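Presented below is the structure to which this report refers.
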Amino acid sequence: MTKKTPKHAYIKSYEYIRDKILNGELPRGTKLTEERIAEELGVSRTPVREAIRKLEQEGLILQKKVVNPTDSDLRNIFQVRILLEGYAARYSATYMSEESLEELWKCIVTARTGTTEEIMEANEKFHNIIVQTSNNPFMIDIIDRMQSIIYLFRKTVVYYKRPFLIDEHEQIYKAIYHHDGDEAERLMKEHLQKDLDFCLHYFQQ
């Protein structure tokens with residue numbers, strides 16, 4: 488049998504905990520026990536501790552508990568997204584390539600016809616294409632480090648069917664297609680504000 492390297496054990500621990508949080512097996516507020524997780528995975532506590540630390544940096548864990556975002560947390564996280572993705576949408580209206588525009592449109596088509604999982608992937612890809620177009624590595628890095636917590640909110644708006652979600656994507660696409668940076672930024676900010684309002688309503692239940 489091949490001996491697990493420390494790095495392998497860390498990655499295994501990280502993905503195991505992250506996936507359980509994202510698929511709802513570890514509900515919000517659940518306290519994590521290093522010893523139990525290590526035993527479940529057949530690894531030492533060290534890689535589990537490192538995985539938890541990484542997930543704390545990504546916003547999924549707080550004080551060894553699955554994050555249970557307050558209204559203030561939600562507003563702060565979305566404020567960052569609104570600022571950065573609004574700017575990215577404005578930039579996209581000037582610099583997005585024809586190839587990326589085609590991919591953006593495919594995301595909308597898939598989101599209108601696909602399964603829930605396909606809609607989730609299309610939603611993520613739609614936003615990522617726009618962020619990548621900024622060509623700003625610092626902005627891309629900030630959003631990338633937020634992806635796990637963004638996934639939780641994306642799951643909320645997709646699984647609980649926020650109204651007009653894909654219609655708003657199409658409006659943003661059209662503004663970018665017509666090189667209207669002002670409109671693209673305005674629509675993206677409004678879109679994310681509606682996501683925030685929907686999540687606030689859901690998490691308060």
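First residue of the sequence shown: 488, per the numbering used here; consecutive thereafter.
Here a beta-carbon is modelled for each residue, glycine too, at the ideal position from N, C-alpha and C.
Fair warning: this is a prediction, and the values are worked out from it, not measured in the lab.
Here's the rule: buried if 16 or more other CB atoms are within 10 angstroms of the residue's CB, otherwise exposed. What is residue 682?
That one is buried.
Report the rounded CA-to-CA distance for residue 593 versus residue 526, giving the unit in angstroms.
Rounded to the nearest angstrom, the two C-alpha atoms are 44 angstroms apart.
Where does residue 694 fall in DSSP's three states?
The requested residue 694 does not occur in the structure, where the chain is confined to residues 488 to 692.
When the Cα of residue 672 is compared with those of 574, 626, 495, 611, which residue comes out closest?
When each option's Cα is compared against that of residue 672, the closest is 574.
Going by Cα to Cα distance, which pick from 538, 653, 557 is closest to residue 686?
Residue 686 has its Cα closest to that of 557, out of 538, 653, 557.
Look at the Cβ atom of residue 667, then the Cβ atom of residue 580, and state whether they are nearer than 8 angstroms.
Result yes, Cβ atoms of residue 667 and residue 580 sit closer than 8 angstroms.
Using only alpha-carbon positions, find the residue among 511, 534, 679, 657 that is nearest to residue 588.
Selected option, being the one with the closest Cα: 657.
When you compare the CB positions of residue 567 and residue 610, do they come within less than 8 angstroms of one another, or not?
Against a cut-off of 8 angstroms, the Cβ pair of residue 610 and residue 567 comes out as no contact.
Determine the DSSP secondary structure at residue 679, reduced to helix, strand or coil.
Helix, per DSSP.
If contact is defined by three or more beta carbon pairs under 8 angstroms, each pair taking one atom from either stretch, is the region 614 to 628 in contact with the region 535 to 548?
Not touching, per the Cβ criterion.
Ordered along the chain, which non-local residues of its own chain (more than five positions away) have a Cβ less than 8 angstroms from that of residue 696?
The question about residue 696 has no answer here: the residues shown for the chain are numbered 488 through 692.
Could you say which of 642, 635, 659, 500 lies nearest to residue 690 if we only look at CA atoms?
Ranking 642, 635, 659, 500 by Cα distance to residue 690 puts 642 first.
Report the residue ranges of all alpha helix (DSSP H) runs contained in full by the region 581 to 646; include only those spanning at least 4 residues, in chain order.
Those alpha helix (DSSP H) runs which fall completely within the region 581 to 646 and span 4+ residues are 585 to 600, 603 to 620, 624 to 632, 634 to 646.
DSSP on residue 519, reduced to helix/strand/coil?
In the structure shown, residue 519 sits in coil (DSSP, three-state: anything other than H, G, I, E or B).
When burial is assigned at 16 or more other CB atoms within 10 Å of the CB, is residue 570 buried or exposed?
Residue 570 is exposed by the Cβ-count criterion.
May I ask you to report which of helix, strand or coil DSSP gives residue 549?
Residue 549: strand per DSSP, three-state reduction.
Cβ of residue 583 within 8 angstroms of Cβ of residue 663?
Contact: yes.
Sorted by chain position, which residues of the same chain lie with C-beta nearer than 8 angstroms to residue 677's C-beta, five sequence neighbours on each side aside?
Excluding positions up to five away in sequence, the list reads 655.
Taking DSSP as the reference, what is the three-state secondary structure of residue 665?
Coil.
For a test of the three-state rule: what should DSSP assign to residue 566, helix, strand or coil?
Of the three classes helix, strand and coil, the one that applies to residue 566 here is helix, per DSSP.
Candidates 511, 562, 629: which alpha carbon is nearest residue 680's?
Selected option, being the one with the closest Cα: 562.
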